[in-house]
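In my numbering, the protein residues as written are 20 to 154.
C-beta: ideal position from N, C-alpha, C; glycine also.
First up is the structure itself, then whatever we jot down about it.
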Amino acid sequence: RNNICPKGGASIGEALKQNNTLTALTLQYNQIGRTGGKAIGAALKENKSLRELNLGHNFIGPEGTKHIAEALKINSTLLVLNLAWNKIRSEDASRIADALKVNTTLKSLVIYIEGIGLQGLNDLVESLERNFALT
């Protein structure tokens, strides 16, 4: 735990756009918030080296999750993603589910069902029926 705040998360996102060597990043138990989640989501659209990303317990919320989900539709290098305990709601889970329908590289996704609701859960289950990459 480094107490990385939203501004720090945004800076990390900007750095990830330029970095071509980092393969794993653990930011678990920080406070990057939606600002950091949004910036890291934008970076994942461009970054071609990151294989593992742990954003657990970062309060990225709906807006951060939205940008991460959009990036998953494009990113073809990320293999492991931890989004546990990020205040993900039903619509956020549905966005992730939509991304999983087209993402064929992600092998492991950690997402807790705290608040995703029945619709979000159903959407995730449906996407898993189509996605054969996740193990």
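Given a cut-off of 9 Å, decide if Ile-107 and Ile-130 are closer than it, judged by their beta-carbon atoms. yes
With 16 as the cutoff for other CB atoms within 10 Å, does Thr-84 come out buried or exposed? buried
How many angstroms separate the CA atom of Leu-69 from the CA atom of Asn-22? 22 Å
Hey, how far is the Cα of Lys-29 from the Cα of Val-99? Checking the sequence shown, residue 29 turns out to be Ala, not Lys. Each residue's Cα considered, the two are about 21 Å apart.
From which residue to which residue does the alpha helix (DSSP H) around Glu-33 run? 25–37
Per-residue DSSP class, three states only, for Asn-141: helix
From the DSSP output, read off the bridge partner residues of Ala-43. Glu-71
What are the boundary residues of the beta strand (DSSP E) that Ile-127 is part of? Just to set this straight, residue 127 is Ser in the shown sequence, not Ile. Residues 127–129.
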